[in-house]
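Colleague:
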Amino acid sequence: MERKHVDLSLPSAARMYDWLLGGSNNYEVDRAACELLLEVAPTSRELALNNRWFLQRVVRVLAEEHGIKQFIDFGSGLPTQRNVHQIAQEADPASRVVYVDNDPVVLALGQSLLDENDNTTILPVDMTDTDTIFGHPDFTRLIDLTRPVAALFVSVLHCLPDSAGPKALVDRVIDKLVPGSFVVVCQLVSDDRKVRDDVTELMQTQTGGHWGRVREKADVEETFERLLVEEPGLVDVTDWRPDSELQQRQRSVEWTEFGGLGKVRSRERTPGDGGRGLPDESPRE
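Numbering (UniProt numbering), first residue to last: 1 to 285.
1. Return helix, strand or coil for E64, following the three-state DSSP convention.
2. Please go through the same chain and pick out, in chain order, the residues whose beta-carbon is closer than 6 Å to the beta-carbon of R196, but skip the five residues on each side of it.
3. Do V98 and T121 have their CB atoms nearer than 9 Å?
4. How big is the Cα-Cα spacing for A13 and T146?
5. Please report how far the alpha carbon of E254 lies from the alpha carbon of E39, in whole angstroms.
6. In whole angstroms, what is the alpha-carbon distance linking T238 and C34?
7. Excluding five sequence neighbours on each side, which residues of the same chain lie with their C-beta closer than 7 Å to the C-beta of P11?
8. For V264, list the residues DSSP reports as bridge partners.
9. With 16 as the cutoff for other CB atoms within 10 Å, does K194 come out buried or exposed?
10. Below 8 Å CB to CB, which residues in the same chain sit around T43 once its five sequence neighbours on both sides are set aside?
11. Run the CB neighbour count on T140, radius 10 Å, all protein chains shown included, and call it buried at 16 or more, exposed below.
12. Just reading off the alpha helix (DSSP H) that R96 is part of, what are its end residues?
13. Can you tell me where the alpha helix (DSSP H) holding I143 begins and where it ends?
14. Can you grab the Cα-Cα spacing for the pair L160 / R60, in whole Å?
15. Just verifying my parser: in three-state terms, what is the DSSP assignment at R213?
16. Cα separation between L177 and L202?
17. Residue 286 to L123, Cα distance in whole Å?
18. I'd like to check one pair, V264 with R226: are the Cβ atoms closer than 9 Å?
19. What number of angstroms, rounded off, separates the C-alpha of L246 from the C-alpha of V235?
20. Please name the residue, chosen from E116, E64, Q56, E257, that lies closest to D243 on a Cα-to-Cα basis.
21. Between L62 and L261, is the Cβ-Cβ spacing less than 9 Å?
22. Considering just the uninterrupted stretch of the beta strand (DSSP E) at A13, what are its terminal residues?
23. Helix, strand or coil for A150, going by three-state DSSP, please let me know.
24. On the DSSP bridge assignment, give the partners of Q187 in chain order.
25. Pull the bridge partners of F74 from the DSSP assignment, please.
26. Of the choices D126, L37, A168, R82, whose alpha-carbon is the least far from that of D219?
27. Report the option in P166, D115, L142, V105 whose CA atom is closest to the CA atom of T128.
28. Count the other CB atoms, across all protein chains shown, that sit within 10 Å of the CB of A94; report buried if there are 16 or more and exposed otherwise.
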């Protein structure tokens, strides 16, 4: 894999997230940016931790309750404890996971951890470049698109500007998935316009424009228009099927991760079907 140059003069969202989770794969520039972020949104560390626990819970549910054995993690970020492949392969060692990220530090660390796992890989591709992703040899080696797949967009679409078409990206992925597949989406949102504007401005400035914006709940809801939303619906991810241990965790206040789990329909909505589509016709394991 070709190694890209790491620009240490700019923070990256992936390394900032790593620092907020208590990781060590970050630099002084990332830590300084996080300190600025905490001045604007003091509970950002709680937000990051709650989001990570949500990722672990939803992968476990997909693997254990829905029998999903193929996962695509878009904008996967830096590897940390309890990654997608670890949870999925606990449920079934044959589970296959494709991570997608083009951050050079993510690629270097991720590939070194995955080299010994034949059922897992990381693609050095921009997550919006779906043609390259779905046509990549490592993707086609691991993922069978005639079988159900889980596509994960966890805490990543807010990194895309509106011009990159976050909803269009999700729709392109849905188009590739068979009925019975699942899509996970959560994004940073806030009901407070000042928080949205202040955090967006800070992240845009700190990352040199490599960021999107803090959005509203309606923006997240739009990404589920073609999906059947699973219980408990679209919520602050802290409330998405929390484990008893997590119920006592501190919540973020200024902003939240909002989203949930959606199932790919057997067909598009038509007038008179109540938006439910036809019964699933996906192949069964």
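Glycine included, C-beta positions come from ideal geometry on N, C-alpha and C. As the structure is a prediction and not an experimental result, all values here were calculated from the model.
Modeller: This is what the structure holds:
1. As a first step, residue 64 must be located in the sequence shown, where it is residue number 64. Here E64 sits in helix by DSSP.
2. Reading the sequence shown from its first residue, position 196 is the one you call residue 196. A distance below 6 Å between beta-carbons, with the five flanking residues on each side excluded, links R196 to the following residues of its chain, in chain order: S190, V214.
3. Residue 98 sits at position 98 when you count from the first residue of the sequence shown. Residue 121 sits at position 121 when you count from the first residue of the sequence shown. Contact: yes.
4. Counted from its first residue, the sequence shown places residue 13 at position 13. Counted from its first residue, the sequence shown places residue 146 at position 146. Looking at the two C-alpha atoms, the distance is approximately 34 Å.
5. Locating residue 254 in the sequence shown gives position 254, counting from the first residue. Locating residue 39 in the sequence shown gives position 39, counting from the first residue. Taking the straight line joining both Cα atoms gives about 11 Å.
6. Walking along the sequence shown from the start, residue 238 turns up at place 238. Walking along the sequence shown from the start, residue 34 turns up at place 34. Between the C-alpha atoms of T238 and C34 there is a straight-line separation of about 22 Å.
7. Translated into positions along the sequence shown, residue 11 becomes position 11. Within the same chain, and ignoring the five residues on either side of P11 in sequence, the residues whose Cβ sits closer than 7 Å to its Cβ are V29, D30, A33, Q206, T207.
8. Taking the sequence shown and counting its residues from 1, one reaches residue 264 at position 264. Under DSSP, V264 takes part in a beta bridge, and its partners are L227.
9. Residue numbering aside, residue 194 sits at position 194 when the sequence shown is read from its first letter. Exposed, because fewer than 16 other Cβ atoms sit within 10 Å of the Cβ of K194.
10. Along the sequence shown, one-based indexing puts residue 43 at 43. Once the five neighbours on either side are set aside, the close Cβ partners of T43 are Q250, R251, S252, V253, E254.
11. Numbered from 1 along the sequence shown, position 140 holds the residue referred to as residue 140. With fewer than 16 Cβ atoms within 10 Å of its Cβ, T140 is classed as exposed.
12. As a working mapping, residue 96 is identified with position 96 in the sequence shown. Annotation for R96: no alpha helix (DSSP H) segment contains it, though the beta strand (DSSP E) segment containing it runs 96 to 100.
13. Position 143 of the sequence shown, counted from the start, is the residue given in the question as residue 143. Segment: none, I143 is in no alpha helix (DSSP H) and carries neither H nor E.
14. Against the sequence shown, residue 160 aligns to sequence position 160. Against the sequence shown, residue 60 aligns to sequence position 60. Those two C-alpha atoms are separated by around 27 Å.
15. Position 213 of the sequence shown holds residue 213. The three-state secondary structure of R213, taken from DSSP, is coil.
16. Position 177 of the sequence shown, counted from the start, is the residue given in the question as residue 177. Position 202 of the sequence shown, counted from the start, is the residue given in the question as residue 202. Spanning the two alpha carbons is a distance of roughly 36 Å.
17. For the chain, the structure presents residues 1 to 285; residue 286 sits outside this window and is missing.
18. Numbered from 1 along the sequence shown, position 226 holds the residue referred to as residue 226. Numbered from 1 along the sequence shown, position 264 holds the residue referred to as residue 264. Yes, the Cβ-Cβ distance between R226 and V264 is below 9 Å.
19. Translated into positions along the sequence shown, residue 246 becomes position 246. Translated into positions along the sequence shown, residue 235 becomes position 235. The pLDDT assigned to L246 is 49, lower than 50, so where the model puts this residue is not dependable; a value taken from the coordinates is nonetheless given after this. Approximately 15 Å, taken between the alpha carbons.
20. The sequence position of residue 243 within the sequence shown is 243, counting from 1. Of the residues E116, E64, Q56, E257, the one whose Cα lies closest to the Cα of D243 is Q56.
21. Within the sequence shown, residue 62 is the residue found at index 62, counting from 1. Within the sequence shown, residue 261 is the residue found at index 261, counting from 1. Yes, they are a contact pair.
22. One-based indexing of the sequence shown puts residue 13 at position 13. Boundaries for A13: no beta strand (DSSP E) harbours it, while the alpha helix (DSSP H) harbouring it runs 13 to 20, taken from the DSSP string.
23. Mapped onto the sequence shown, residue 150 falls at position 150. The answer is strand: DSSP assigns A150 an E or B state.
24. Counted from its first residue, the sequence shown places residue 187 at position 187. Q187 has F258 as its beta-bridge partners, per DSSP.
25. Locating residue 74 in the sequence shown gives position 74, where the first residue counts as 1. Beta-bridge annotation (DSSP): F74 is paired with V100.
26. What you label residue 219 is simply residue 219 of the sequence shown in a count that begins at 1. Selected option, being the one with the closest Cα: A168.
27. Position 128 of the sequence shown holds residue 128. Of P166, D115, L142, V105, the residue nearest in Cα terms is P166.
28. Counting from one through the sequence shown, the residue named residue 94 turns up at place 94. Classification of A94: exposed, given that the 10 Å Cβ count is below 16.
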